[in-house]
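Enquirer: Everything in the sequence shown is counted per numbering that gives the first Met the number 0, starting at 0 for the first residue and increasing by one. Ideal Cβ positions, reconstructed from N, Cα and C, are used throughout, including at glycine. My questions all concern the structure below.
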Amino acid sequence: MVDYHAANNQSSAGGVQTYMEQENDWDRDLLLDPAWERQQRKTFTAWCNSHLRKSGTQIENIEEDFRDGLKLMLLLEVIAGERLPKPERGKMRVHKINNVNKALDFIASKGVKLVSIGAEEIVDGNAKMTLGMIWTIILRFAIQDISVEETSAKEGLLLWCQRKTAPYKNVNVQNFHISWKDGLAFNALIHRHRPDLIDYDSLRKDDPVTNLNNAFEVAEKHLDIPKMLDAEDIVGTLRPDEKAIMTYVSCFYHAFSGAQKAETAANRICKVLAVNQENEQMMEDYEKLASELLEWIRRTIPWLENRTQEKTVNDMQAKQEDFRDYRCVHKPPKVQEKCQLEISFNTLQTKLRLSNRPAFMPSEGRMVSDINGAWHTLEGAEKGYEEWILSEIRRLERLEHLAEKFHQKAAIHESWTDGKEAMLTQKDYETSTLSEVKALLRKHEAFESDLAAHQDRVEQIAAIAQELNELDYYDSASVNARCQKICDQWDVLGTLTHNRKDSLERTEKQLESIDELYLEYAKRAAPFNNWMEGAMEDLQDMFIVHNIEEIQGLITAHEQFKSTLAEANKEREAIQSIQAEVQKIAQSNGIKLSGANPYTTITPASIDSKWKKAMDMVPLRDNALQDELNKQNSNDTLRAKFATQANTVGAYIQAKMEEIGRISIEMNGTLEDQLTHLKEYQQTIMSYMPEINTLEGYHQHIQEALIFDNQYTSYTMEHLRVGWEQLLTTIARTINEVENQILTRDAKGISQEQLYEYRASFNHFDKDHSGALQAEEFKACLISLGYDVENDKGDSEFARIMGIVDPNGSGAVTFQAFIDFMSRETTDTDTADQVIASFKILAADKPFITAEELRRELPPDQAEYCIARMAPYTGPNATPGALDYMSFSTALYGESDL
Numbered sequence: 000m001v002d003y004h005a006a007n008n009q010s011s012a013g014g015v016q017t018y019m020e021q022e023n024d025w026d027r028d029l030l031l032d033p034a035w036e037r038q039q040r041k042t043f044t045a046w047c048n049s050h051l052r053k054s055g056t057q058i059e060n061i062e063e064d065f066r067d068g069l070k071l072m073l074l075l076e077v078i079a080g081e082r083l084p085k086p087e088r089g090k091m092r093v094h095k096i097n098n099v100n101k102a103l104d105f106i107a108s109k110g111v112k113l114v115s116i117g118a119e120e121i122v123d124g125n126a127k128m129t130l131g132m133i134w135t136i137i138l139r140f141a142i143q144d145i146s147v148e149e150t151s152a153k154e155g156l157l158l159w160c161q162r163k164t165a166p167y168k169n170v171n172v173q174n175f176h177i178s179w180k181d182g183l184a185f186n187a188l189i190h191r192h193r194p195d196l197i198d199y200d201s202l203r204k205d206d207p208v209t210n211l212n213n214a215f216e217v218a219e220k221h222l223d224i225p226k227m228l229d230a231e232d233i234v235g236t237l238r239p240d241e242k243a244i245m246t247y248v249s250c251f252y253h254a255f256s257g258a259q260k261a262e263t264a265a266n267r268i269c270k271v272l273a274v275n276q277e278n279e280q281m282m283e284d285y286e287k288l289a290s291e292l293l294e295w296i297r298r299t300i301p302w303l304e305n306r307t308q309e310k311t312v313n314d315m316q317a318k319q320e321d322f323r324d325y326r327c328v329h330k331p332p333k334v335q336e337k338c339q340l341e342i343s344f345n346t347l348q349t350k351l352r353l354s355n356r357p358a359f360m361p362s363e364g365r366m367v368s369d370i371n372g373a374w375h376t377l378e379g380a381e382k383g384y385e386e387w388i389l390s391e392i393r394r395l396e397r398l399e400h401l402a403e404k405f406h407q408k409a410a411i412h413e414s415w416t417d418g419k420e421a422m423l424t425q426k427d428y429e430t431s432t433l434s435e436v437k438a439l440l441r442k443h444e445a446f447e448s449d450l451a452a453h454q455d456r457v458e459q460i461a462a463i464a465q466e467l468n469e470l471d472y473y474d475s476a477s478v479n480a481r482c483q484k485i486c487d488q489w490d491v492l493g494t495l496t497h498n499r500k501d502s503l504e505r506t507e508k509q510l511e512s513i514d515e516l517y518l519e520y521a522k523r524a525a526p527f528n529n530w531m532e533g534a535m536e537d538l539q540d541m542f543i544v545h546n547i548e549e550i551q552g553l554i555t556a557h558e559q560f561k562s563t564l565a566e567a568n569k570e571r572e573a574i575q576s577i578q579a580e581v582q583k584i585a586q587s588n589g590i591k592l593s594g595a596n597p598y599t600t601i602t603p604a605s606i607d608s609k610w611k612k613a614m615d616m617v618p619l620r621d622n623a624l625q626d627e628l629n630k631q632n633s634n635d636t637l638r639a640k641f642a643t644q645a646n647t648v649g650a651y652i653q654a655k656m657e658e659i660g661r662i663s664i665e666m667n668g669t670l671e672d673q674l675t676h677l678k679e680y681q682q683t684i685m686s687y688m689p690e691i692n693t694l695e696g697y698h699q700h701i702q703e704a705l706i707f708d709n710q711y712t713s714y715t716m717e718h719l720r721v722g723w724e725q726l727l728t729t730i731a732r733t734i735n736e737v738e739n740q741i742l743t744r745d746a747k748g749i750s751q752e753q754l755y756e757y758r759a760s761f762n763h764f765d766k767d768h769s770g771a772l773q774a775e776e777f778k779a780c781l782i783s784l785g786y787d788v789e790n791d792k793g794d795s796e797f798a799r800i801m802g803i804v805d806p807n808g809s810g811a812v813t814f815q816a817f818i819d820f821m822s823r824e825t826t827d828t829d830t831a832d833q834v835i836a837s838f839k840i841l842a843a844d845k846p847f848i849t850a851e852e853l854r855r856e857l858p859p860d861q862a863e864y865c866i867a868r869m870a871p872y873t874g875p876n877a878t879p880g881a882l883d884y885m886s887f888s889t890a891l892y893g894e895s896d897l
């Protein structure tokens with residue numbers, strides 16, 4: 000007898016222990032129960048024949064047909080798939096023993112310990128030893144390799160049965176004997192995998208024979224599992240043979256294992272396709288939102304660049320109100336859309352990196368940088384438009400002031416010139432006496448003096464008209480026409496004045512008498528009258544100022560004017576005294592006066608009247624200047640209120656920007672704690688919004704008051720708006736970065752300690768605390784982590800790594816990209832090869848797959864997704880409708896275009 004205790008020194012200790020326990024079980028059962036022996040004979044014979052039929056043979060009597068060792072060797076070759084040594088064909092006992100020993104040696108080479116089973120017992124037809132040997136073969140080749148959730152062999156097979164039959168009523172698999180007596184467990188196994196073969200609800204627990212025969216017949220007919228048990232033997236035995244049941248059940252496991260692989264493969268493909276579909280939807284959403292935002296910017300910029308001038312200040316203020324409505328109503332939602340777009344883009348890139356997909360490259364012109372560029376252009380146009388509106392309001396205000404001043408001076412001049420042409424063209428000197436002619440000559444000289452005094456006013460009128468033309472006044476045509484008429488009339492007056500003077504001088508020789516007093520009166524009254532008219536004109540002159548200094552300058556000038564009134568009054572009294580002297584001389588000498596001064600039309604009454612009128616204008620001018628001073632003081636108060644609020648808001652924004660920078664570098668605690676802290680911090684910042692709104696209200700009051708400068712603060716509303724928007728965007732980006740870190744941690748299985756280490760390394764080399772590592776800083780960080788990136792070979796490796804962490808070539812590596820790279824280096828993800836292997840299982844090892852197979856194995860939407868994107872297969876053995884799943888799987892991971 001051959002002892003196989005030491006037959007295989009290469010077997011593991013665990014394997015030896017397992018089979019020793021199995022052999023001990025067999026030793027205890029050497030005296031088999033006749034019912035069990037009958038069941039084992041039938042089951043083992045059927046099991047052997049299920050394999051031998053593949054070689055075109057079978058056995059009838061298990062202990063007789065294996066005696067010569069030939070069919071035993073053939074059985075081992077079929078189930079192991081290996082060739083055994085050539086058998087001996089002799090009929091002698093020694094030949095049979097040698098053949099059986101070759102079979103037993105092969106079994107031992109597979110790690111099986113055969114105890115007390117020798118070739119002689121098999122050759123002699125020992126039934127118990129033969130059944131024991133066959134059971135050992137079944138354990139090794141049919142049961143040992145079964146593995147379910149880290150359990151194997153018998154325990155794995157039992158766990159598999161329990162998992163598959165758990166949902167079925169009246170089934171409770173706890174062993175391989177009495178748990179199978181009612182037949183329901185067999186039917187449940189079949190129904191779980193092939194519900195079309197069995198109507199499970201029609202089975203009754205109290206009819207075990209029918210249940211067993213139904214399962215055996217269905218398994219033999221549809222699953223190619225031969226009938227290895229008899230229903231009557233199982234029902235009639237108190238405890239069915241465990242080895243027979245295990246042998247039969249193992250056939251079910253192997254029959255259904257292919258379906259399990261297909262299910263696993265389908266699940267893997269579904270997972271990959273679901274990720275790809277979600278990513279594609281996010282890409283479509285990004286493209287749509289980016290297109291809409293860019294289109295809004297494209298439509299808005301021409302409106303902001305429109306410089307169509309208006310005619311009046313009210314029209315420009317209406318444009319200013321439209322612009323304020325755009326700032327407060329239309330733009331804020333677009334700011335939010337832009338922020339959300341950047342967040343969606345960063346989240347999508349993170350998901351693509353986590354699923355080992357290539358980075359998303361938006362359509363041309365729709366990159367985040369393109370949107371930022373367009374947004375920068377929009378803000379530039381916005382700033383330019385606001386400045387233009389303010390400058391236009393100033394220009395139109397200046398124009399309206401000049402136009403009113405022009406018409407006022409023109410009206411005064413036209414009033415003065417009224418009747419002058421008729422006066423200069425009359426020939427009264429032809430019938431006058433000498434004294435009258437001399438009087439006319441002196442009167443004309445006074446007129447010339449008056450004319451010269453009015454020259455300055457005409458020049459002022461022309462200068463104002465010229466300025467209105469240069470400032471593009473909308474009613475320049477009427478201004479030019481009136482100015483031209485005045486100039487033309489002035490030229491005519493000059494010519495007529497010159498002609499009349501010539502006429503008077505020709506007759507002067509004939510006239511000798513002239514009243515010197517009248518002449519002196521006329522000469523002094525004319526400039527004084529002109530001074531009074533100028534003073535009244537100045538007292539009525541409109542003014543526009545923008546600050547306290549300017550109005551105080553006007554007040555000072557007015558006070559200086561008032562200081563000259565005493566001297567002017569003396570001149571008036573002196574002029575009036577001349578007229579009084581004339582009256583006195585006339586009365587003294589009995590001279591009858593004609594009444595009017597022959598040398599001037601300026602009467603003492605007119606002088607007194609104008610003087611009184613001018614004196615009445617002085618307090619009115621005082622009140623107007625005081626009102627303007629009060630207005631400028633009020634404006635200065637508005638400036639101070641705005642400056643106080645602006646300085647507070649500006650300092651707040653600057654402090655919060657610096658604080659966010661520190662928080663992003665020094666964040667402690669778990670990522671969830673950091674995220675909670677950041678969101679609370681964001682709410683704190685948003686609670687400051689009423690202060691911004693208060694500042695906007697002050698700014699509106701300032702604009703309505705037409706205040707254009709503020710010496711109390713360096714902040715402008717535009718500067719603070721941009722700072723506030725940057726603050727909100729920065730905290731939103733920081734929150735998004737932490738959310739992406741959580742997504743990375745959960746997807747990659749990174750521990751909190753690893754994230755702390757990544758953050759510490761990153762912060763150590765981020766010398767400028769910018770939140771990003773420049774190329775050289777990143778290279779130093781890699782060297783500190785043990786990467787060889789210093790020599791020539793290292794340069795190419797560093798270039799490869801930079802292509803991963805900085806796909807856009809910006810030259811900087813963000814913290815998110817850094818942890819994505821580190822997590823990719825330490826974790827596994829689905830690959831194109833794994834997906835190809837999964838498709839290969841569904842295609843039954845073919846290099847192509849059909850639409851029918853996809854629809855059978857995958858959910859409908861994902862099956863149609865694959866069919867729509869897979870190219871026709873054109874390789875070897877192609878059939879109609881064959882699809883190329885290899886190129887499709889490769890395209891999913893960016894190695895070619897899908």
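Assuming residue 163 and residue 188 make a contact with CB atoms under 8 Å, what is their CB distance in whole Å?
Expert: The count along the sequence shown starts at 1 and reaches residue 163 at position 164. The count along the sequence shown starts at 1 and reaches residue 188 at position 189. So it is a contact: roughly 6 Å between Cβ atoms.
Enquirer: With DSSP as the reference, please indicate the residues paired to residue 771 in a beta bridge.
Expert: Along the sequence shown, one-based indexing puts residue 771 at 772. In DSSP, residue 771 forms a bridge with 813.
Enquirer: Of the choices 38, 349, 680, 668, whose alpha-carbon is the least far from that of residue 278?
Expert: Working through the sequence shown from its first residue, we reach residue 278 at position 279. Minimum Cα distance to residue 278 is reached at 349.
Enquirer: Could you check which residue in 722, 549, 607, 675 has the C-alpha nearest to that of residue 568?
Expert: Translated into the one-based positions of the sequence shown, residue 568 becomes position 569. Comparing Cα positions, the closest option is 607.
Enquirer: Measure the beta-carbon distance from residue 137 to residue 246 and round it to whole angstroms, keeping in mind my assumption that it falls under 8 Å.
Expert: As a first step, residue 137 is located in the sequence shown; it is residue number 138 there, counting from the start. As a first step, residue 246 is located in the sequence shown; it is residue number 247 there, counting from the start. Correct: roughly 5 Å between the Cβ atoms.
Enquirer: Relative to the C-alpha of residue 294, which candidate in 241, 341, 373 has its C-alpha closest?
Expert: For this step, residue 294 is matched to residue 295 along the sequence shown. Here the closest residue by C-alpha is 373.
Enquirer: Output the distance between the C-alpha atoms of residue 509 and residue 435, rounded to the nearest integer angstrom.
Expert: By 1-based counting over the sequence shown, the position of residue 509 is 510. By 1-based counting over the sequence shown, the position of residue 435 is 436. For residue 509, the pLDDT reaches just 40, beneath the cut-off of 50, and the residue's location in the model is therefore unreliable, although a value from the coordinates is still provided. Near 11 Å, if we compare the C-alpha coordinates of residue 435 and residue 509.
Enquirer: Give the DSSP-derived three-state secondary structure of residue 806 in the structure shown.
Expert: Translated into the one-based positions of the sequence shown, residue 806 becomes position 807. Residue state, collapsed to three classes: coil.
Enquirer: Which residues share a DSSP beta bridge with residue 882?
Expert: Position 883 of the sequence shown, counting from 1, holds the residue named residue 882. 848, 871.
Enquirer: Would you call residue 542 buried or exposed, if buried means 16 or more other Cβ atoms sit within 10 Å of its Cβ?
Expert: Residue 542 sits at position 543 when you count from the first residue of the sequence shown. Result: exposed.
Enquirer: Can you look up residue 114 in the DSSP assignment and give me helix, strand or coil?
Expert: The residue labelled residue 114 in the question sits at position 115 within the sequence shown. Residue state, collapsed to three classes: coil.
Enquirer: If contacts are defined as beta-carbon pairs under 8 Å, then residue 415 and residue 306 qualify, I think. What distance do you get, rounded to the angstrom?
Expert: Translated into positions along the sequence shown, residue 415 becomes position 416. Translated into positions along the sequence shown, residue 306 becomes position 307. Going by Cβ atoms, the distance from residue 415 to residue 306 rounds to 42 Å, so no, they are not a contact pair.
Enquirer: To the nearest angstrom, how far is it from the Cα of residue 497 to the Cα of residue 413?
Expert: Here residue 497 is taken as the residue at index 498 of the sequence shown, counted from 1. Here residue 413 is taken as the residue at index 414 of the sequence shown, counted from 1. Going by the C-alpha atoms only, they are around 20 Å apart.
Enquirer: Using a Cβ-Cβ cutoff of less than 6 Å, which residues in the same chain neighbour residue 173 once the five nearest sequence positions on both sides are dropped?
Expert: Working through the sequence shown from its first residue, we reach residue 173 at position 174. Closer than 6 Å at the Cβ level, and outside the excluded window around residue 173, lies no residue.
Enquirer: For residue 529, which residues of its own chain have a beta-carbon under 7 Å away from its beta-carbon, when the five flanking residues on both sides are left out?
Expert: As a working note, residue 529 is residue 530 in the sequence shown. Excluding sequence neighbours, residue 529 sits near 449, 452.
Enquirer: Going by Cα to Cα distance, which pick from 318, 143, 356, 658 is closest to residue 888?
Expert: By 1-based counting over the sequence shown, the position of residue 888 is 889. Per the Cα distances, 356.
Enquirer: On the premise that residue 202 lies in contact with residue 212, defined as a C-beta separation below 8 Å, what is that separation, rounded to the nearest angstrom?
Expert: By one-based count along the sequence shown, residue 212 stands at place 213. By one-based count along the sequence shown, residue 202 stands at place 203. Contact doesn't hold; Cβ gap of about 11 Å is too wide.
Enquirer: Do residue 241 and residue 126 count as a contact pair if the criterion is CB distance below 9 Å?
Expert: In the sequence shown, counting from the first residue as 1, residue 126 sits at position 127. In the sequence shown, counting from the first residue as 1, residue 241 sits at position 242. Cβ atoms of residue 126 and residue 241: not closer than 9 Å.
Enquirer: Can you tell me whether residue 889 is helix, strand or coil according to DSSP?
Expert: Translated into positions along the sequence shown, residue 889 becomes position 890. Note: residue 889 maps to helix in three-state DSSP.
Enquirer: Quick check on the burial criterion: 16 or more other C-beta atoms within 10 angstroms. Buried or exposed for residue 238?
Expert: Position 239 of the sequence shown holds residue 238. Result: exposed.
Enquirer: Any idea what DSSP makes of residue 147, helix, strand or coil?
Expert: Working through the sequence shown from its first residue, we reach residue 147 at position 148. Strand at residue 147.
Enquirer: By the DSSP assignment, the alpha helix (DSSP H) with residue 690 in it spans what residues?
Expert: Here residue 690 refers to the residue found at position 691 of the sequence shown. Residue 690 -> alpha helix (DSSP H) spans 688-703.
Enquirer: For residue 463, which residues in the same chain have their Cβ closer than 8 Å to its Cβ, ignoring the five residues on either side in sequence?
Expert: For the purposes of this step, residue 463 is taken as the residue at position 464 of the sequence shown. Result list for residue 463: 401, 404, 405, 408, in chain order.
Enquirer: Shortest alpha-carbon distance to residue 419 belongs to which of 106, 810, 442?
Expert: As a position in the sequence shown, residue 419 is number 420, starting the count at 1. The residue with the shortest Cα to Cα distance from residue 419 is 442.
Enquirer: With DSSP collapsed to three states, give me the class of residue 349.
Expert: Counted from its first residue, the sequence shown places residue 349 at position 350. DSSP places residue 349 in helix when its eight states are reduced to three.
Enquirer: Give, in chain order, every unbroken run of the alpha helix (DSSP H) that is at least 4 residues long and sits entirely within the segment 28-54.
Expert: Complete alpha helix (DSSP H) runs here, min 4: 33-51.
Enquirer: Based on Cα-Cα distance, which residue from 70, 62, 867 lies nearest to residue 53?
Expert: Here residue 53 refers to the residue found at position 54 of the sequence shown. Of 70, 62, 867, the residue nearest in Cα terms is 70.
Enquirer: Round the Cβ separation of residue 547 and residue 638 to the nearest angstrom and send it over; I've been treating them as touching at under 8 Å.
Expert: Residue numbering aside, residue 547 sits at position 548 when the sequence shown is read from its first letter. Residue numbering aside, residue 638 sits at position 639 when the sequence shown is read from its first letter. Not confirmed; about 10 Å, so no contact.
Enquirer: Can you give me the Cβ contacts of residue 315 inside the same chain, cut-off strictly under 8 Å, excluding the 5 residues immediately before and after it?
Expert: Within the sequence shown, numbered from 1, the residue matching residue 315 stands at position 316. So the qualifying residues of the chain are 309, 388, 391, 392, 395.
Enquirer: Does the beta-carbon distance from residue 285 to residue 365 come in below 9 Å?
Expert: Here residue 285 refers to the residue found at position 286 of the sequence shown. Here residue 365 refers to the residue found at position 366 of the sequence shown. Cβ distance < 9 Å, so residue 285 and residue 365 count as in contact.
Enquirer: Using 10 angstroms around the beta-carbon of residue 685, count the other beta-carbons present and answer buried if the total reaches 16, otherwise exposed.
Expert: Within the sequence shown, the letter at position 686 stands for residue 685. Burial call: exposed.
Enquirer: By how many angstroms is the C-alpha of residue 834 removed from the C-alpha of residue 267?
Expert: Counting from one through the sequence shown, the residue named residue 267 turns up at place 268. Counting from one through the sequence shown, the residue named residue 834 turns up at place 835. The straight-line gap from Cα to Cα measures roughly 7 Å.
Enquirer: Give every residue of the same chain whose Cβ lies closer than 8 Å to the Cβ of residue 535, excluding the five residues on either side of it in the sequence, and list them in chain order.
Expert: Locating residue 535 in the sequence shown gives position 536, where the first residue counts as 1. Cβ neighbours of residue 535 beyond the five flanking positions: 609, 612, 613, 616.
Enquirer: What is the rounded straight-line gap between the Cα of residue 331 and the Cα of residue 716?
Expert: The sequence position of residue 331 within the sequence shown is 332, counting from 1. The sequence position of residue 716 within the sequence shown is 717, counting from 1. Between residue 331 and residue 716, the C-alpha separation is close to 15 Å.
Enquirer: If you run the structure through DSSP and keep just helix, strand and coil, what is residue 366?
Expert: Reading the sequence shown from its first residue, position 367 is the one you call residue 366. Here residue 366 sits in coil by DSSP.
Enquirer: Ignore the nearest five residues each way along the sequence and tell me which others in residue 729's own chain have a CB closer than 8 Å to its CB.
Expert: Working through the sequence shown from its first residue, we reach residue 729 at position 730. So the qualifying residues of the chain are 656, 659.
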